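J.: Mind looking over this structure? Questions follow.
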Amino acid sequence: MKLFTIAKLATVVALLMPIGVTAQSLTDFQQLSPEDRRAYIEAMSPEEREAKRNEWRAQRDALSDEERQAMRDRHSAERDDRRAQWDAMSDEERTAKREQMRGRRDEMRQRYDAMSPEDQDAFKQKRREHGGRGNHERGQKHGNHDQRQRDSSEQL
């Protein structure tokens, strides 16, 4: 009877865990869907997140120049695919996607606003140290966003 209860408990736990929990390497993580990635990260404690980031950073740093270039090429191709998907959307689909993105930003803003001022300062500092937003010249790190906006407005 006890063995049956343990097996039943293990099955319930396995069903409740997000699919992304099995990601072990940076590559595995990158291949997860955005929802699975989010669930995977949110299921971790802050200490586990930091340890996993450090592990993945070490994996990335250990890549050869060719492997890094292949990763950059893959990311560039994915970015081009996303751009093509966006360009193929109807106005209604774009509006819905914008609302979805606003909802995510609002969630992040609420989490940030719920932090203590000390935690907010630590968050900002950590973001600066890791090359986060505002740590690059406009148009250099993420492409020339202003030029894409002008191009898309000229098409209308």
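Each position in the sequence shown, counted from 1, maps to that position plus 17 in the numbering used here.
Cβ atoms here follow ideal geometry from the backbone N, Cα and C, with glycine treated the same way.
On a predicted model such as this, the values are computed, not experimentally measured, just so you know.
Report buried or exposed for residue 57, applying the criterion of at least 16 other Cβ atoms within 10 angstroms of its Cβ.
T.: When all chains shown are included, residue 57 counts as buried.
J.: Mapping DSSP to helix, strand and coil, what is residue 147?
T.: Note: residue 147 maps to coil in three-state DSSP.
J.: Rounded to the nearest angstrom, what separates residue 112 and residue 124 at their Cα positions?
T.: C-alpha separation (whole angstroms): 18 Å.
J.: What are the complete alpha helix (DSSP H) segments, minimum 4 residues, inside the segment 99–146?
T.: Correct list: 108–130 and 134–146.
J.: Check whether the Cβ atoms of residue 73 and residue 43 sit closer than 9 Å, and answer yes or no.
T.: Going by C-beta atoms, residue 73 is nearer than 9 Å to residue 43.
J.: Does DSSP put residue 79 in a helix, in a strand, or in coil?
T.: Three-state result, residue 79: coil.
J.: Kindly list the residues whose CB is nearer than 8 Å to the CB of residue 106, restricted to its own chain and excluding five residues on each side of it in sequence; keep chain order.
T.: Once the five neighbours on either side are set aside, the close Cβ partners of residue 106 are 114.
J.: What number of angstroms, rounded off, separates the C-alpha of residue 59 from the C-alpha of residue 129?
T.: Cα-Cα distance, rounded: 15 Å.
J.: Tell me which residues share the same chain as residue 121 and place their Cβ nearer than 8 Å to its Cβ, disregarding the 5 neighbours each side in the sequence.
T.: No residues qualify anywhere along the chain.
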